[in-house]
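What follows is a single structure, written as structure tokens, with notes after it.
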Amino acid sequence: MAWSRGHIIGRGSYGTVGLALINPNEQHTQPVVAAVKFAPHGLGDSPHIIKCLGEDETIEEDVTHYNLFLEYAARGTLADQLENSPHGHLRELDVKHITRSLLRVLIHLKNKGYVHCDVKPENILLMENGEVKLADFGTAKKVGEEVKELRGTPLYMAPEGIMRSEYEPPFDVWSLGCTIAKLVSGRHLWMNMRIGCLQQ
């Protein structure tokens with residue numbers, strides 16, 4: 001796919017997200033995003049998971065960059081929506097729609113044998129048409145797979161993750177509950193995000 005790098009629209013722990021401008025003679029007519037993470041193979045068949053459209057490597061200023069091309073979510077993340085809301089929270093009707101979509105994707109993940117491990121407003125994207133999509137599967141794991149390290153974002157982590165590094169489908173349900181509370185109230189359920197304080 002012939003493309004050129006557009007402006008940066010976000011930064012994460014492991015890379016930068018920017019617009020990828022597709023050359024006019026290419027088959028893709030919608031803008032896409034060049035990013036660093038996407039869903040494991042076999043999970044992208046849900047309408048509520050961000051789709052990967054391709055990948056490549058480029059060399060820029062003698063540095064090799066690995067690029068993944070994802071669908072472009074024109075309305076940004078739920079964190080963006082909260083930040084731009086005049087009331088500091090989302091409307092109840094919108095939260096109901098978002099919750100339904102996220103419950104569907106969590107059921108899909110469970111049926112496929114995966115746990116996302118980092119459900120939060122920053123990883124939930126809104127498409128131009130209002131569709132809700134889950135993104136950033138960099139911490140995802142298979143159900144039953146043992147992990148030793150902490151995964152996820154402390155304020156959205158279930159107790160079993162914080163205390164025992166145990167990540168199974170109920171972990172994602174807890175994170176979704178924390179996300180819904182944040183969307184409805186505009187505030188986190190807990191104000192101290194340090195792991196030590198949450199463990200108490």
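Sequential numbering of the sequence shown, starting at 1, is according to the UniProt record's numbering. Beta carbons are placed, not taken as given, at the ideal position from N, Cα and C, and that holds for glycine.
Checklist entry - According to the neighbour-count rule (16 or more other Cβ atoms, all chains shown, within 10 Å of its Cβ), is residue 201 buried or exposed? => result Residue 201 cannot be examined here, being either before or after the span of the chain that is shown, 1 to 200.
Item to check | Through-space distance from residue 116 to residue 164, alpha-carbon basis | outcome: 17 Å
Item to check | Exposure of residue 122, with buried meaning 16 or more beta-carbon neighbours within 10 Å | outcome: buried
Checklist entry - Since residue 119 contacts residue 179 with CB under 8 Å, what's their CB separation in whole angstroms? => result 6 Å
Next on the checklist: Which of the three DSSP states is assigned to residue 165 in this structure?
Outcome noted: coil
Checklist entry - By the 10 Å Cβ neighbour count, where 16 or more other Cβ atoms means buried, how is residue 58 classified, buried or exposed? => result exposed
Next on the checklist: Rounding to the nearest angstrom, what Cα-Cα distance links residue 113 and residue 141 in this structure?
Outcome noted: 9 Å
Item to check | Which of helix, strand or coil DSSP assigns to residue 65 | outcome: strand
Item to check | Unbroken alpha helix (DSSP H) run spanning residue 80, endpoints | outcome: 78-84
Item to check | Secondary structure, beta strand (DSSP E): runs of 3+ residues fully inside the segment 82-126 | outcome: 124-126
Checklist entry - In this structure, does DSSP put residue 49 in helix, strand or coil? => result strand
Item to check | Neighbour-count burial assignment, residue 66, 16 or more Cβ in a 10 Å radius | outcome: exposed
Item to check | Alpha carbon of residue 127 to alpha carbon of residue 105, nearest angstrom | outcome: 15 Å
Next on the checklist: For residue 218 and residue 160, I'd like the C-alpha separation in whole angstroms.
Outcome noted: The structure shown does not extend to residue 218, since the chain is modelled only from 1 to 200, so the question has no answer here.
Checklist entry - Do residue 48 and residue 134 come within 9 Å of each other at the CB atom, strictly closer than that value? => result yes
Item to check | Same chain only: Cβ atoms within 6 Å of residue 176, ignoring 5 sequence neighbours per side | outcome: 102 and 119
Checklist entry - Below 9 Å between beta carbons: does that hold for residue 43 and residue 54? => result no
Next on the checklist: Pop quiz: residue 92 and residue 184 are said to be a contact at Cβ under 8 Å. What is the actual Cβ separation, rounded to whole angstroms?
Outcome noted: 7 Å
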